[in-house]
Amino acid sequence: MDFNLTADQQRRRDAARKFAEQQLAPGYRRREQQGGIEPRIRIQMGQSGFIAPEVPPTYGGRGLDRLTSGMLVEEISRGDFSVAYLQVVGSLVAQVLVENATPELAASWVPKICAGEEVVGIGLTEPHAGSDAANPHLRARRDGDEYVLDGTKSLSFAAEAAAAVVFARTDEQQSGSKGISAFLVPLDLPGVTRGPYSDMGTKAVGRGAVHFQRTRIPADHLLGREGEGFSQVMKGFDFSRALIGLQCLGAAQVTVDETWEHVTRRQAFGQPLSKFQGVSFPLAEAETVLSAARLLCYQTLWLKDQGAPHTAQAAMCKWWAPKTAFEVIQDCLLLHGQYGYRTDLPIEQRLRDVLGLQIGDGTAQIMKLVVARQRVGRALAP
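No gaps in the numbering here: position 193 of the sequence shown is 223 in my numbering, and each next residue is one more.
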């Protein structure tokens, strides 16, 4: 077991941290106020190899291992949590297309994702339900060489996305995950309309509703086999769950770093705040839990790189890392006193941003259900 980074990993991680500090952190608050990520930032991210770098070079990626990809997400999140989510979605969607789309369809979209030229969202959740993902209201009906879509999806990057991977029921005779198909849907087609949500955090991600009304897409935009898209495509979420864990940890770690600096400079009762156990001990605890959660995420991505089972570990990453990160950031906010509560510092924004991923992309309850079923099987788990 070797915990040393390769020279290439260290170089890429250093480059990502420098980019986060110089290009992203100064605009973190501004992007929230504007409600979006500048195309210029996306292009720079793509040129630097920060978006879906694990994709094969034949599709515009860098052919890196997933562990390195996760490290880059963690570093970018130190500068802007929402920009790091662009990486998470890019990696998830690119993997889905490379593994399930026709070669021609993948070749027309994946290089644009890696280059930061286009954003392609993923529409699993619907307004009527989130965790019950195997019961979509979106319907897709085959009509000759086309599918006709009717329904609504909730989507991150709803305003920016040029296309979306969506899940729809294609077989009314089956229930649950059977009879659900996945499609890539360009969002400039007739019958597609969008509307924004007003979220408390990750405002730069721009979540919203995407409505499909008799929207026609070519039949070759089907991903995988008809009626089996849910089970096929959902396998990719094990990857993105570990990335989300590192995204949250990046925001928490930079907050801890800033808090150490604050408590060593600020004086109370004639000495630095760091001299008080009530100040330094919570930060020591934060360093401990962040290190443990980070190693879990690294292990999960390493297992994926080895082709080994990692579904349970990925679910652990998804429920524990966001919760841990939120609690750590909250503690750091309190240690900053009145300054932490002000919007001059990025701490309160990070707190709101991280909170969203205790809900999105799989709640803690669903993740714990996944872990239980992996351990004892569906017959004996809830």
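We treat Cβ as the ideally placed atom computed from N, Cα and C, and that holds for glycine.
Cβ neighbours of Val-128 within its own chain (closer than 8 Å, five residues either side excluded): Val-85, Pro-86, Tyr-89, Ala-136, Val-140. Distance from Ala-194 to Val-150 at the Cβ level is roughly 6 Å; contact confirmed, criterion being Cβ atoms closer than 8 Å.
Using a 10 angstroms sphere on the CB of Glu-104, the tally of other CB atoms reaches 16 or more, which defines it as buried.
For Asp-218 and Ala-192, the gap between their C-alpha atoms comes out near 7 Å.
Put simply, of Thr-232, Ile-359, Ala-322 the residue whose alpha carbon is nearest the alpha carbon of Met-346 is Ala-322.
Here Ser-138 is exposed: its Cβ has fewer than 16 other Cβ atoms, across all protein chains shown, within 10 Å. Cβ-Cβ distances below 8 Å link Val-384 to Phe-111, Gly-231, Cys-278, Ala-281, Ala-282, Pro-352, Ala-355, Phe-356, Ile-359 in the same chain, with the five nearest sequence neighbours on each side left out; the list follows chain order. Taking C-beta atoms as the reference points, Arg-224 and Ala-188 count as a pair closer than 8 Å. The alpha carbon of Met-75 has as its nearest neighbour, out of Leu-97, Arg-96, Arg-59, Arg-47, the alpha carbon of Arg-47.
Within its own chain, the residues whose Cβ lies closer than 8 Å to the Cβ of Pro-157, once the five positions on either side in sequence are excluded, are Thr-182, Ser-184, Ala-239, listed in chain order.
With distances taken between CA atoms, Ala-344 lies nearest to Leu-399 out of Asp-374, Leu-399, Glu-317. In the DSSP secondary-structure assignment, Tyr-177 is bridged to Arg-172, Ile-247.
For Gly-386, the closest alpha carbon among the candidates Gly-109, Ser-186, His-167 is that of Ser-186. By the criterion of a C-beta distance shorter than 6 Å, His-241 is surrounded in its chain by Thr-182, Thr-223, once the five residues flanking it on both sides are discounted.
Nearest in C-alpha terms to Cys-362, of all of Leu-381, Thr-245, Ala-114, Ser-99, is Leu-381.
Taking C-beta atoms as the reference points, Ile-152 and Leu-116 fail to come closer than 8 Å. By the neighbour-count criterion, in which a residue is buried when 16 or more other Cβ atoms sit within 10 angstroms of its Cβ, Pro-166 is buried. Burial check for Val-406: the Cβ neighbour count within 10 Å stays below 16, so the residue is exposed. Residues of the same chain with a CB within less than 7 Å of the CB of Arg-42, apart from the 5 flanking positions on each side, are Thr-98, Leu-102 in chain order.
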